[in-house]
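Beneath this line is the structure, given in structure tokens, with notes to follow.
There are 2 protein chains.
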Amino acid sequence: MFINTASHYIPEEIIPNSYFLDKNGMDDESIIRKSGIKNRRRAAANENTNTLAVSAVEAGITNLPYDITEVDLIVGATYTPYDTVGTLAHVVQQKYEIDKAIVFSISSACSSFLNAVEIVEGYFALGKATKAIIVNAEHNWAYNNEDDPIAAHLWGDGASAIFISKERISENDHEILDISTEGHAHIGRGPGGVCLKPTDGGIIMPDGRDVFYNAITYMSEKTDSVLKRNNFGVENLDYLIPHQANIRIINKVAETLSFPIEKVVINMVELGNTGAASSAIGYSQIFHSMKKDELAVITVFGGGYSSGAMLVKA
Amino acid sequence: MFINTASHYIPEEIIPNSYFLDKNGMDDESIIRKSGIKNRRRAAANENTNTLAVSAVEAGITNLPYDITEVDLIVGATYTPYDTVGTLAHVVQQKYEIDKAIVFSISSACSSFLNAVEIVEGYFALGKATKAIIVNAEHNWAYNNEDDPIAAHLWGDGASAIFISKERISENDHEILDISTEGHAHIGRGPGGVCLKPTDGGIIMPDGRDVFYNAITYMSEKTDSVLKRNNFGVENLDYLIPHQANIRIINKVAETLSFPIEKVVINMVELGNTGAASSAIGYSQIFHSMKKDELAVITVFGGGYSSGAMLVKA
């Protein structure tokens with residue numbers, strides 16, 4: 018599998034930490050100390066999960082080495098749906114009039130991006146698809162409780178689009194060397210550590226501590242094992258792109274792996290936790306600057322619980 | 018691929034058409050004339066999409082020819098999520114302490130069941146899974162607008178579980194001979210014919226007429242093409258199990274295919290439209306009575322729009 022291009026979209030409006038003092042009583046210094054987050058984006062009134070998804074795809078078209086109508090598989094990923102019937106994958110099909118495509122959306126929360134890649138891998142193996150779009154979008158503000166002192170300040174809106182083909186299309190393609198995912202809902206406080214019940218209170222984090230420790234454990238383990246399976250060590254790794262929930266989780270993953278923090282892609286300081294889109298936005302941010310043969314691992318942990326890791330070579 | 022067993026769960030409480038006269042002004046005779054529905058079920062106050070899913074899986078365990086902990090892939094499907102983070106697939110993993118499984122949930126609305134089967138097919142082809150549970154559950158009443166004269170009376174709650182293995186496990190297994198799915202969001206009023214916007218009004222049906230005609234077109238076409246691809250005609254078909262939205266759609270599909278209506282599995286008269294669960298509940302209802310070598314086609318149309326058909330041999 019080859020990644021032909023990667024793109025992302027983040028809404029214009031910046032919400033600084035100072036926004037929350039009147040809302041949930043958290044000041045700038047406390048938010049930074051607890052999470053590392055300084056700012057996050059908020060979608061405009063005329064934006065939603067589906068428009069964010071289309072904006073992310075639109076941002077990728079310029080660099081796409083084929084016509085988007087050649088795509089035959091569209092997988093959306095979100096835990097903050099605008100419409101659970103007309104999903105983000107469906108609006109992408111509609112927007113670009115992509116005929117004869119298989120279309121659906123998925124969720125394993127913040128680990129969805131890698132589940133989506135593995136699903137695409139399956140369709141390619143079956144010969145039922147050859148070119149796929151994975152579009153991850155979160156409109157966290159649509160479900161956020163602004164006065165929640167535990168989690169209100171953690172979330173941000175954003176979207177990403179990853180274009181994947183079964184065969185190499187261009188010299189600039191990245192190659193997916195390995196991908197694996199796993200559910201851990203039977204571990205610790207899973208699946209109740211983080212919840213988004215649309216009819217019952219939106220996003221809450223009843224057990225952030227348990228999520229925190231399991232995110233560190235599984236993102237470290239999965240990164241280590243994807244490298245070992247492919248006969249690499251951390252010394253061979255040029256970039257680590259973890260799910261972007263909390264700077265303390267990210268620091269601890271880097272420390273556990275003995276991987277230099279300078280080579281970790283971090284966007285959560287400015288974007289907050291953009292959920293299923295977060296690691297894919299991070300990958301999109303370095304996609305065009307990765308040099309030939311450089312290696313990146315994307316690793317994720319979702320609040321359900323689920324985890325995964327993907328090894329990519331530029 | 019082989020289906021080892023199929024099960025379903027429907028909540029106890031029966032809501033007859035007479036319930037709606039005071040709500041949306043629709044009387045029994047009008048509801049039957051327009052949709053064919055007489056009753057539908059409503060989940061109890063302590064039930065939700067995730068508990069419905071577990072109840073459907075629980076109902077299947079007695080007939081499962083292996084221990085449920087051997088399952089290595091759990092795919093949930095719903096457009097009426099209780100929790101978009103701790104999804105129905107995750108609660109099944111937790112409930113049965115299924116270690117080392119890949120876990121996520123999907124939606125293409127009422128066509129999700131067949132997308133899920135195709136995704137499982139992909140994981141089997143990759144060698145990343147050998148035994149899967151597909152659990153479809155809808156808690157439509159959680160998102161229903163009881164005073165909506167167009168659609169309030171159409172929905173019902175219910176869930177199904179389908180257990181699938183890569184290799185044949187027992188003599189009673191059904192074999193999946195073929196499966197295909199397709200998105201049609203760029204056709205007609207897709208993806209806006211039916212919507213479920215959790216933060217903006219729940220389920221509505223802005224263009225039921227367009228959904229009606231496209232459901233007939235695609236469920237008929239997909240049934241015809243899955244039979245032809247496998248060198249069968251409708252005369253070889255023992256059961257047709259369409260998505261259960263409206264008796265007029267089902268009658269028209271049977272008529273278009275010249276297939277006797279007596280051989281069509283219909284549960285919507287008593288259960289209403291149970292969404293992603295509907296066709297799988299229908300399949301579960303006949304699973305144990307299908308005779309060796311009998312053929313069934315399951316065909317679906319989802320409001321996104323998406324469609325699909327699956328050919329199964331007992």
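Chains as they are written, first to last, in our numbering: chain A, 18 to 331; chain B, 18 to 331. For every residue, glycine included, the Cβ atom is placed at its ideal position computed from N, Cα and C. It should be emphasised that the depicted structure is a prediction, and the values quoted were computed from it without experimental measurement.
Of the residues the options, which one's Cα is nearest the Cα of residue i?
| i | options | result |
| --- | --- | --- |
| B:Tyr83 | B:Glu184, B:Glu287, B:Glu252 | B:Glu184 |
| A:Ile181 | A:Phe229, A:Glu199, A:Ala146 | A:Ala146 |
| B:Val152 | B:Val108, B:Asp164, B:Ser187 | B:Val108 |
| B:Leu171 | B:Asp310, B:Gly299, B:Ile49 | B:Ile49 |
| A:Tyr235 | A:Pro215, A:Gly319, A:Ala178 | A:Gly319 |
| A:Thr66 | A:Gly218, A:Ala176, A:Ile303 | A:Ala176 |
| A:Asp89 | A:Thr216, A:Asn189, A:Lys148 | A:Lys148 |
| B:Lys239 | B:Val102, B:Leu131, B:Arg59 | B:Leu131 |
| B:Ser323 | B:Ile264, B:Val211, B:Ala297 | B:Val211 |
| B:Val74 | B:Met43, B:Ile54, B:Asp44, B:Tyr113 | B:Tyr113 |
| A:Gly225 | A:Pro208, A:Ser35, A:Lys214 | A:Pro208 |
| A:Met285 | A:Lys309, A:Ile267, A:Ile119, A:Ile220 | A:Ile267 |
| B:Lys269 | B:Asn231, B:Gly218, B:Gln302 | B:Asn231 |
| A:Met18 | A:Leu254, A:Ser275, A:Ile186, A:Leu213 | A:Ile186 |
| B:Pro223 | A:Val102, A:Pro33, A:Ser72 | A:Val102 |
| A:Ala178 | A:Ala297, A:Lys309, A:Phe276 | A:Ala297 |
| A:Phe276 | A:Leu244, A:Ser295, A:Leu288, A:Asp190 | A:Leu244 |
| A:Gln111 | B:Ile264, B:Ile204, B:Glu287, B:Ser242 | B:Ile204 |
What are the boundary residues of the beta strand (DSSP E) that includes residue i?
| i | result |
| --- | --- |
| A:Gly93 | 90 to 94 |
| A:Thr22 | 19 to 26 |
| B:Thr316 | 312 to 319 |
| B:Arg50 | Run containing B:Arg50: none in the beta strand (DSSP E); it sits in the alpha helix (DSSP H), 45 to 52. |
| A:Thr198 | 191 to 200 |
| A:Ala62 | Segment: none, A:Ala62 is in no beta strand (DSSP E) and carries neither H nor E. |
| A:Gly42 | Neither: A:Gly42 is in no beta strand (DSSP E) and is coded neither H nor E. |
| A:Val329 | 323 to 330 |
| B:Ser187 | From DSSP, B:Ser187 is part of no beta strand (DSSP E); its letter is neither H nor E. |
| B:Phe213 | A small correction: the amino acid at residue 213 of chain B is Leu; Phe does not occupy that position in the sequence shown. Segment 212 to 214, the beta strand (DSSP E) holding B:Leu213. |
| A:Glu87 | Unbroken run through A:Glu87: none, as it is neither H nor E. |
| B:Gly10 | Shown here, chain B extends from 18 to 331; a query on residue 10 of chain B therefore has no answer. |
| B:Ile7 | Any property of residue 7 of chain B remains undetermined from this structure, which presents chain B solely from 18 to 331. |
Work out the CA separation of residue j and residue i for me, nearest whole Å.
| i | j | result |
| --- | --- | --- |
| A:Ser306 | A:Ala331 | 10 Å |
| A:Ser52 | A:Ala262 | 8 Å |
| A:Asp195 | B:Ile193 | 29 Å |
| B:Leu257 | B:Val251 | 9 Å |
| B:Val317 | B:Ala293 | 9 Å |
| B:Ala70 | B:Leu143 | 27 Å |
| A:Ser128 | B:Pro259 | 33 Å |
| B:Leu81 | B:Thr22 | 6 Å |
| B:Ala169 | B:Thr104 | 25 Å |
| B:Tyr26 | B:Ala76 | 7 Å |
| A:Ala360 | A:Thr291 | The structure shown does not extend to residue 360 of chain A, since chain A is modelled only from 18 through 331, so no value can be given for it. |
| B:Val92 | A:Ala62 | 34 Å |
| B:Tyr36 | B:Val228 | 26 Å |
| B:Asp116 | B:Ala202 | 37 Å |
| A:Lys55 | A:Ser122 | 31 Å |
| A:Asn247 | A:Val120 | 32 Å |
| B:Thr273 | B:Glu87 | 42 Å |
| B:Tyr300 | B:Ser24 | 9 Å |
| B:Ala154 | A:Asn162 | 27 Å |
| A:Ala159 | B:Thr216 | 7 Å |
| B:Glu199 | A:Met43 | 48 Å |
| B:Ala271 | B:Ile283 | 12 Å |
Determine the extent of the alpha helix (DSSP H) in which residue i is found, giving its start and end residues.
| i | result |
| --- | --- |
| A:Thr68 | 66 to 77 |
| A:Leu288 | 285 to 288 |
| A:Phe304 | 295 to 304 |
Can you pull out the residues from the region 96 to 117 of chain B whose beta carbon lies closer than 9 Å to at least one beta carbon of chain A? Here the close residues are Tyr96, Thr97, Pro98, Tyr99, Asp100, Thr101, Val102, Gly103, Thr104, Ala106, His107, Val108, Val109, Gln110, Gln111, Lys112, Tyr113, Glu114, Ile115, Asp116, Lys117.
When Cβ atoms are compared, which residues of the region 152 to 163 of chain B fall closer than 8 Å to chain A? From the region 152 to 163 of chain B, only Ala159, Tyr160 have a Cβ closer than 8 Å to chain A.
What are the residues of the region 245 to 257 of chain A that lie near chain B, defined by any Cβ-Cβ distance shorter than 9 Å? Going along the region 245 to 257 of chain A in chain order, one finds no residue with a Cβ nearer than 9 Å to chain B.
Ignoring anything shorter than 3 residues or poking outside the region 90 to 168 of chain A, list the beta strand (DSSP E) runs there in chain order. Counting only runs of 3 or more residues that sit fully inside the region 90 to 168 of chain A, the beta strand (DSSP E) segments are 90 to 94, 119 to 124, 148 to 155, in chain order.
Which residue spans inside the region 216 to 267 of chain B form an unbroken beta strand (DSSP E) run of at least 3? Entirely contained in the region 216 to 267 of chain B, the beta strand (DSSP E) runs reaching 3 residues are, in chain order, 219 to 221, 256 to 259.
Which of the residues in the region 180 to 214 of chain A, read from start to end, lie with their CB under 7 Å from any CB of chain B? Within the region 180 to 214 of chain A, the qualifying residues are Thr198, Glu199, Gly200, Ala202, His203, Gly207, Pro208, Gly209, Val211, Cys212, Leu213, Lys214.
To be precise: take each residue of the region 117 to 132 of chain A, compare its Cβ to all Cβ atoms of chain B, and keep it if any distance is under 9 Å. Which residues remain? Cβ contacts with chain B come from Lys117, Ala118, Ile119, Val120, Phe121, Ser122, Ile123, Ser124, Ser125, Ala126, Cys127, Ser128, Ser129, Asn132.
In chain order, what residues of the region 34 to 46 of chain A put their CB closer than 9 Å to some CB of chain B? Cβ contacts with chain B: none found.
Which residues, in order along the region 219 to 239 of chain B, keep a beta-carbon less than 7 Å from a beta-carbon of chain A? If the cut-off is 7 Å between Cβ atoms, the region 219 to 239 of chain B has nothing near chain A.
Which residues, in chain order, does the region 280 to 307 of chain B contribute to contact with chain A at a C-beta distance below 8 Å? Residues passing the 8 Å Cβ filter: none.
Residues within the region 61 to 93 of chain A neighbouring chain B, beta-carbon criterion of under 8 Å: Answer set for the region 61 to 93 of chain A: Ile91.
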